[in-house]
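Yeah, the sequence shown ends on 329 if you go by this note's numbering, and it's all consecutive. First up is the structure itself, then whatever we jot down about it.
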Amino acid sequence: MICWWQPVDGAARVVAGGPVTGFLATAFEQVNPEMGSIARGWAVEQLGDVRGAVVWDLYGGIGDTAVELAERGAQVVSVDADEKAIDWARQRAAPRPVRFIAGKAEDVVPTLPEPSAVVVNPPRAGLHWNVTLRLTGQPVGRFIYVSGDPATLARDLHRLSATYRVTAVRAFDLFPQTAHVETVAVMEAA
Numbered sequence: 140m141i142c143w144w145q146p147v148d149g150a151a152r153v154v155a156g157g158p159v160t161g162f163l164a165t166a167f168e169q170v171n172p173e174m175g176s177i178a179r180g181w182a183v184e185q186l187g188d189v190r191g192a193v194v195w196d197l198y199g200g201i202g203d204t205a206v207e208l209a210e211r212g213a214q215v216v217s218v219d220a221d222e223k224a225i226d227w228a229r230q231r232a233a234p235r236p237v238r239f240i241a242g243k244a245e246d247v248v249p250t251l252p253e254p255s256a257v258v259v260n261p262p263r264a265g266l267h268w269n270v271t272l273r274l275t276g277q278p279v280g281r282f283i284y285v286s287g288d289p290a291t292l293a294r295d296l297h298r299l300s301a302t303y304r305v306t307a308v309r310a311f312d313l314f315p316q317t318a319h320v321e322t323v324a325v326m327e328a329a
C-alpha cells in the first residue's frame, strides 16, 4: 500500500497502484491486503449459507467483511468506533444492504437485532467485557473471531468457552518473516 497526502482535504489517503481508494490512511487496513482477503474469505466461508441471516460484523473497520457477507446475501450490521472508516465503508458498500453504525461495539450491541452469526475483529486489546457478556449471555449459532494478538485471543476464547466450542482455528501469515500472525477461530454454541 502507498499513502499519499491530499492537500485539497488535508488528509493522507491510501493509493493502491493507481487511483485513490478513498479511505483515510489512519483507518485500519491489513498491511498485506491480499493475505488479509484470503483470511477474511476463509472466515466468511466458515459461516456457511448466510442468505437472509442477520450477521453482526463487530469492529468492522472499512467494511471489507461486511461487503463480503452482503454479497453472500446476509443482512449485515457492521459496527466500528472510527466514524471516518464507517463513512468510507458506507460509500464502498452501496448499493448493498449493509447497516453501518459508528460507535463502540460495547455501547451499540444492546441495540442490535438478534443475530444468527457474529464476526469480530477487535483491536489488539481483544473483546470489550460487555461484548463478551452479550455473546455469552445470548449465544449465537456461529461465531468467528479474527485476531492479530494470540494472547488476547486465548484470553477471550477462555472467557467464551462455557458458551462456545472452538471447531476450527487457522493462522494466516500476513507478516512474513516476523513472529506475528492473524488467527481466525471458528466457534459454535456449546
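Even glycine gets a Cβ: it sits at the ideal position worked out from N, Cα and C.
Whole-Å CB distance - residue i paired with residue j, under 8 Å assumed
i: Ile283; j: Val323; result: 7 Å
i: Ser255; j: Ala192; result: 4 Å
i: Val194; j: Val258; result: 7 Å
i: Val216; j: Pro252; result: 7 Å
i: Arg211; j: Arg190; result: 7 Å
i: Ala209; j: Ala232; result: 7 Å
i: His267; j: Ala244; result: 6 Å
Cut-off 6 Å between Cβ atoms - residues of its own chain near residue i, not counting five sequence neighbours on either side
i: Ile240; result: Val218, Val247
i: Ala310; result: Val320, Thr322
Cβ-based neighbour list, residue i, same chain, cut-off 8 Å, excluding 5 preceding and 5 following
i: Glu339; result: Nothing in the structure corresponds to residue 339, since the chain is present only between 140 and 329.
Residue i, enclosing alpha helix (DSSP H) - first and last residue
i: Ala228; result: 222-232
i: Arg294; result: 289-299
Sequence-distant residues of its chain with Cβ nearer than 7 Å to residue i (five each side left out)
i: Arg298; result: Thr271
i: Ala329; result: Thr302, Tyr303, Arg304
i: Gly242; result: Val218, Ala220
i: Ala182; result: Val258, Ile283, Val285, Val323
Residue i, enclosing beta strand (DSSP E) - first and last residue
i: Ala310; result: 303-311
i: Asp188; result: Here Asp188 belongs to no beta strand (DSSP E), and DSSP marks it neither H nor E.
Three CB pairs or more closer than 8 Å across the stretch 193-202 and the stretch 215-231: yes
Whole alpha helix (DSSP H) elements within the stretch 245-286, 4-residue minimum: 268-276
The stretch 276-294 touching the stretch 253-268, judged by at least three CB pairs closer than 8 Å: yes
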